[in-house]
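Reading through the structure tokens given below for one structure.
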């Protein structure tokens with residue numbers, strides 16, 4: 219009996235939105251008054267941004283920063299390797 223009541227409630231809950239959807243009056247959406255309308259061309263040619271040039275400058279800046287960082291890491295790594303070589307030579311010379 220409990221299963222039957224559970225199934226009946228489930229069927230009613232699932233069927234209610236379908237029934238409400240069919241019986242609701244179909245009204246057209248209200249006319250748009252203050253929505254965004256894209257501009258096809260700039261009103262003033264001076265307002266246009268030179269996008270390709272700005273993108274190229276941004277990419278160039280990123281590449282310069284990247285190569286500068288890599289050069290910095292390479293030079294610091296070379297200095298550390300030289301210091302490790304000097305320490306290892308001192309240890310082998312002092313141990314004999």
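Residue numbers (this note's numbering): 219 to 314. Here a beta-carbon is modelled for each residue, glycine too, at the ideal position from N, C-alpha and C. Note that this is a predicted model, so its numbers are computed, not measured.
- Residue 284 and residue 278 have their alpha carbons spaced roughly 10 Å apart.
- Setting aside the 5 residues that flank it on each side, residue 289 has no residue in the same chain whose C-beta is closer than 7 Å to its C-beta.
- DSSP, read as helix, strand or coil, puts residue 268 in coil.
- The alpha-carbon of residue 296 is positioned some 24 Å away from that of residue 312.
- Judged by DSSP in its simplified three-state form, residue 254 adopts coil rather than helix or strand.
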